[in-house]
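Asker:
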Amino acid sequence: MNTGLTAISLQGLVVALVPAAIVIGVMFRWSAGAQAAIYATVRMLIQLLLIGYVLLFILDSDQPALIISVLVIMLAVASWIAIRPLRKKQPQIYFNSLAAISISGILILGLVSQVVVGVDPWFSPRYVVPLAGMIFAGAMNAVSLAAERLQSEFDRGIPYIEARRVALQASLIPITNSLFAVGLVALPGMMTGQILSGVSPLVAAKYQIVVMTMLFGVSGMSAAMYLALANRSLQLSKTGNSVDETR
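Counting with the working numbering, you get residues 13 to 259 for the letters of the sequence shown.
#1: Would serine 231 and isoleucine 187 qualify as a contact pair, given that the criterion is a beta-carbon distance under 8 Å?
#2: Looking at the secondary structure, which residues open and close the alpha helix (DSSP H) in which isoleucine 118 lies?
#3: DSSP three-state call for valine 27: helix, strand or coil?
#4: Would you mind sorting glycine 130 into buried or exposed? The rule is 16 or more other CB atoms within 10 Å of its CB.
#5: Which runs of the alpha helix (DSSP H) fall wholly inside the stretch 19 to 83 and span at least 4 residues, in chain order?
#6: Here's the rule: buried if 16 or more other CB atoms are within 10 angstroms of the residue's CB, otherwise exposed. What is methionine 56?
#7: Closer than 7 Å by C-beta to glutamine 126: which residues in its own chain qualify, once you throw out the five before and the five after it? Chain order, please.
#8: If you follow the alpha helix (DSSP H) that proline 133 is in, where does it begin and where does it stop?
#9: Which class does valine 1 belong to by DSSP, given the choice of helix, strand or coil?
#10: Quick one: give me the first and last residue of the alpha helix (DSSP H) that methionine 180 is part of.
#11: What's the gap between the Cα of proline 76 and the Cα of glycine 117?
#12: For serine 162, which of helix, strand or coil comes out of DSSP?
#13: Helix, strand or coil for glycine 210, going by three-state DSSP, please let me know.
#14: Quick one: what's got a C-beta closer than 7 Å to asparagine 108's C-beta in the same chain, skipping five residues either side?
#15: As a quick exercise: from Leu60, Asp72, Ala88, Ile34, pick the residue whose alpha carbon is nearest that of proline 137.
#16: Could you pull out every residue in the same chain whose Cβ sits closer than 8 Å to the Cβ of isoleucine 93, ignoring the five residues on either side in sequence?
#17: Decide if glycine 150 is buried, meaning its Cβ has at least 16 other Cβ atoms within 10 Å, or exposed.
#18: Around the C-beta of arginine 176, are 16 or more other C-beta atoms found within 10 angstroms, so that it is buried, or is it exposed?
#19: Let me confirm a value: arginine 41 is counted as buried when at least 16 other C-beta atoms fall within 10 Å, else exposed. Which label applies?
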């Protein structure tokens with residue numbers, strides 16, 4: 013079986029951008045936030061090109077301190093991006109996001125890398141960094157959805173317990189849909205990449221099972237943890253608004 017990947021030319025990359033350009037054109041026509049989409053796309057291109065060069069250095073590193081620093085930066089950035097949809101971004105909300113993503117993400121990363129896969133050495137960047145990226149991103153998306161829905165429900169006057177239930181359900185919709193669709197509708201990125209690299213489909217399927225279960229676990233854990241921590245922040249916000257209204 014061929015174990016090499018076909019190199020993508022610069023022209024190929026340009027062609028790959030055509031569908032995105034069409035969507036941005038429609039968004040511009042409909043006044044649906046095309047500027048944000050353009051910014052996100054350009055930022056994605058720059059980030060991925062830069063990280064490609066950075067990873068050449070990181071993946072060859074044998075310094076655990078460097079890998080830990082990379083993970084800390086990933087957690088800090090993911091926690092900030094997670095609360096991006098919120099209108100009010102108080103420090104406490106950021107720390108809630110950071111705690112939820114960090115605790116759940118590190119626990120799942122440790123379980124998968126050290127127990128399931130058995131990475132040796134424990135900080136091996138070729139395993140730890142890609143796994144951390146998937147785990148932290150899954151937690152980030154779940155917290156973002158949970159935070160936005162919780163705030164929306166709470167602003168509508170919905171009691172915290174009910175708002176928490178709705179927010180948790182909403183935060184798990186994407187990963188739950190992925191669980192339903194995987195193997196039938198879609199071959200996820202990790203599995204597809206392994207198959208393209210020449211790995212046995214059965215081996216790739218086992219890895220993908222690990223990936224899907226870890227993403228479901230970290231999504232639910234991080235969202236639930238954020239929602240539990242957010243109760244106090246919401247009550248303080250409500251109290252603050254009440255004080256302002258009486259002035």
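All C-beta atoms, glycine included, are put in the ideal place defined by N, C-alpha and C.
Answerer: Working from what's here:
#1: Contact flag set, yes.
#2: Unbroken alpha helix (DSSP H) run through isoleucine 118: 103 to 122.
#3: Collapsing the DSSP output to three states places valine 27 in a helix.
#4: Counting Cβ neighbours within 10 Å, glycine 130 comes out exposed, since fewer than 16 surround it.
#5: Listed in chain order, they are 22 to 28, 30 to 41, 46 to 70.
#6: Counting Cβ neighbours within 10 Å, methionine 56 comes out exposed, since fewer than 16 surround it.
#7: Excluding five sequence positions before and after glutamine 126, the CB atoms of its chain that fall closer than 7 Å to its own CB belong to Trp134, given in chain order.
#8: It is not in any alpha helix (DSSP H) - proline 133 carries neither H nor E in the DSSP assignment.
#9: Within the shown structure, residues of the chain are numbered from 13 to 259, placing residue 1 beyond reach of any answer.
#10: The question names methionine, yet the displayed sequence has leucine at residue 180. Counting along the chain, the alpha helix (DSSP H) containing leucine 180 begins and ends at 172 to 183.
#11: The alpha-carbon atoms of proline 76 and glycine 117 are separated by roughly 18 Å.
#12: This sequence places leucine at residue 162; serine is not what is there. Reduced to three states, the DSSP call for leucine 162 is helix.
#13: Residue state, collapsed to three classes: coil.
#14: Cβ neighbours of asparagine 108 within its own chain (closer than 7 Å, five residues either side excluded): Tyr238, Leu241, Ala242, Ser245.
#15: Closest in alpha carbon position to proline 137, among Leu60, Asp72, Ala88, Ile34, is Asp72.
#16: Counting only residues of its own chain and dropping the five nearest sequence neighbours on each side, isoleucine 93 has a CB closer than 8 Å to the CB of Met152, Ser156.
#17: Taking a 10 Å sphere around the C-beta of glycine 150, we find 16 or more other C-beta atoms and assign the residue as buried.
#18: That one is buried.
#19: When all chains shown are included, arginine 41 counts as exposed.
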